[in-house]
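Asks: Residue numbers (the working numbering): 56 to 442. Every residue, glycine too, gets a C-beta built ideally from N, C-alpha and C. None of the values given here were measured: they were computed from a predicted structure.
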C-alpha cells in the first residue's frame, strides 16, 4: 500500500432533499421525500428527518408514506440538481484537477501531491466543506484515506456533515470493529452466509481463514479479504480535459455597489484565466454567475470567437456581462459572484490566418504567467481590480 496517497471521498448529505429544503425554507426541519407518485413511484432521496422514520432511497413511495404519513413529498427536479452538482464540482476543481465523479452528489478527489500529513488533510477538507456550505448552503461528508476504499468507508462514519480521516496506521483500529457490510459489494445475499461462518465485522473477515471464506466468495476470497485489510490500488480517474474553470466568492455582507462588484469580477476573472492558462487551454464561453440576497441564482453567458486565452478579451467579456446585468438590476444586493470559462480546448492550434509569432498581448500574458507561477496569483493583479 502506498502510504503517501491522500484520497478524499466527498458525499453530499441527502442531496436532492437538501436542495429542496434549501430552496424552500418552509421545508427546513420537516421530513422531505423526493420521488415519484404514491402508487408506483420510488423514493429518490429522503431528508434526515424522514430517515428517522425508516424512509430510505429506492423504497416504494407508498411504503415511505406509510412509515411517515406527514412526509412532504416533492417531485424530482433533475435538471436543477444537475446544475447544483456542477457548482459543487466546480468547487472540487479549485482544490485538485484529479476528480472522479461517481454521481451528481459523490466524487473521489486525489490530493496526494499537495497534502503532507493528517493535519494538512484536515485543514483542506475543512476548507472544502466550508466553501460548499457558504456558497451553496449545503453540507457534505468527507472521508479521507490512503485509498478510495478507505476514504469511501470513512465518509459514511460521521454523517451528516461529517469529516473522518483514517491514516494507514489507523486502518485496523478503525475498520476492524465496523459491520462487515460496510465493505462495498457485501450485500444482503452474502451477509447471511458470512454470519453463518461467524464473520460479523470487518476484522472478522480480515482474520478469517481461506477455509471459511472460499465457500462464500469462491476464487475472489483473497481479494475480498484484502479489502477488509484496507488495501485498494485503484487510481482516481479524472475524465480528460476539464469542461470548465471558474472562480467565485461569497461576500460576508451583501454588496450593491457597482464599482466594488466590477472590481470583484475583475479579480475572479483573473483567477479563472490563471487556471485556464496553467492547463494550456482556451475558452469559447465566458459565464457570469450571480446570487442575490434572496438566494436567487442567475447566469449570463457570452461566446468568444475564436476561442482564446487572452486576458484582455476575457476580462472585457466578463465586465460586459456584469455591466449588462447591473443595468437591468440596479442596486440589487448580491451575495455571490462567480466567473466561469467553458467550452475549453487545447491551445497551440494556429488558424489559417494566425501569425506564427505571438503578439504584444500574448507576450504580456506569458510574462504574467511566469510571475504568477513563481510568486502566486496575488503577485500581479489587474489594475481594474484595485480600489
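1) Could you give the uninterrupted runs of the alpha helix (DSSP H) lying entirely in the stretch 202 to 284, keeping only those of 4 residues or more?
2) Under a three-way DSSP split, which group does residue 142 fall into?
3) Using DSSP's beta-bridge definition, name the partner residues of residue 344.
4) Does DSSP put residue 163 in a helix, a strand or coil?
5) For residue 196, does the three-state DSSP call read helix, strand or coil?
6) Quick check on DSSP: helix, strand or coil for residue 309?
7) Out of curiosity, what's the CA-to-CA distance linking residue 291 and residue 328?
8) With respect to 7 Å, is the separation between the Cβ of residue 186 and the closest non-hydrogen atom of the ligand NAD below this value?
9) What separation, rounded to the nearest whole angstrom, lies between the Cα atoms of residue 384 and residue 309?
10) Would you check if the stretch 239 to 258 and the stretch 185 to 203 touch, i.e. whether three or more CB-CB distances between them fall below 8 Å?
11) Classify residue 392 as buried or exposed, calling it buried when 16 or more other Cβ atoms lie within 10 Å of its own Cβ.
12) Out of 92, 106, 139, 195, state which residue places its alpha-carbon closest to the alpha-carbon of residue 63.
13) For residue 324, count neighbouring C-beta atoms within 10 Å of its own C-beta (all shown protein chains included) and say buried if the count is 16 or more, exposed if not.
14) I'd like to confirm the pairing. Which residues does DSSP put opposite residue 480 in its beta bridges?
15) Can you check whether the C-beta of residue 111 is within less than 8 Å of a C-beta belonging to chain B?
16) Going by alpha carbons, who is nearest to residue 112 out of 369, 380, 68, 137?
17) If you compare alpha carbons, which of 387, 388, 357 is closest to residue 375?
18) What residue from 100, 164, 314 has the CA that sits closest to residue 61's CA?
19) DSSP state of residue 63, grouped into three classes?
Replies: Walking through what the data contain:
1) 203 to 210, 226 to 230, 246 to 251, 257 to 262, 265 to 272, 276 to 283
2) Three-state DSSP puts residue 142 in a helix.
3) 354, 393
4) DSSP places residue 163 in strand when its eight states are reduced to three.
5) Here DSSP, grouped into helix, strand and coil, assigns residue 196 to strand.
6) strand
7) 26 Å
8) The ligand NAD is not part of this structure, which contains no ligands at all.
9) 15 Å
10) no
11) buried
12) 195
13) buried
14) Only positions 56 to 442 of the chain appear in this structure, which leaves residue 480 out of reach.
15) Checking the listed chains, one finds no chain B in this structure; it contains a single protein chain.
16) The shortest CA-to-CA distance from residue 112 to any of 369, 380, 68, 137 is the one to 68.
17) 357
18) 164
19) strand
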